[in-house]
């Protein structure tokens with residue numbers, strides 16, 4: 089193992105939990121990369137397919153729409169890449185992927201908690 093391997097104590101020592109989170113983050117990055125590639129191809133297609141006979145506002149709007157979709161896809165890919173890198177290199181688990189600790193059975197639950205004890 090490398091000295092750069094994340095400290096699994098941040099994960100409660102659960103190797104399978106670490107693998108689960110890593111898979112989720114890699115899958116999210118792969119999906120974002122695919123979305124970015126698709127948006128990039130669509131943008132290039134719009135640029136190449138715009139007929140000269142379309143009125144200028146229509147051409148401009150098609151380009152703006154494709155460009156906006158590409159920008160959103162690039163941002164999603166960037167966020168996914170950062171989350172994956174921070175997890176793999178630093179052991180940082182994104183908040184939305186952390187499992188909440190199980191509540192104690194004697195802990196308050198249900199309507200009782202709204203009205204105090206008993």
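In the working numbering, the protein residues as written are 89 to 206. Just so it is clear, CB atoms sit at the ideal spot from N, CA and C, and this is done for glycine as well.
Between the CA atoms of residue 110 and residue 87 - distance to the nearest angstrom: Residue 87 is absent from the model: the chain starts at 89 and stops at 206.
So the alpha helix (DSSP H) residue 113 belongs to, where does it begin and stop? Position 25 of the chain shown, counted from the first residue, corresponds to residue 113. Here the alpha helix (DSSP H) through residue 113 covers 103-137.
Closer than 7 Å by C-beta to residue 117: which residues in its own chain qualify, once you throw out the five before and the five after it? Chain order, please. For the purposes of this step, residue 117 is taken as the residue at position 29 of the chain shown. Excluding five sequence positions before and after residue 117, the CB atoms of its chain that fall closer than 7 Å to its own CB belong to 168, 169 and 172, given in chain order.
Residue closest to residue 136, alpha-carbon to alpha-carbon, out of 174, 181, 184 and 151: Working through the chain shown from its first residue, we reach residue 136 at position 48. Scanning 174, 181, 184 and 151 for the CA closest to the CA of residue 136 turns up 151.
Quick check on this structure: which residue in 138, 143, 157 and 103 has the alpha carbon closest to the alpha carbon of residue 120? In the chain shown, the residue the question calls residue 120 occupies position 32. Nearest option by C-alpha distance: 157.
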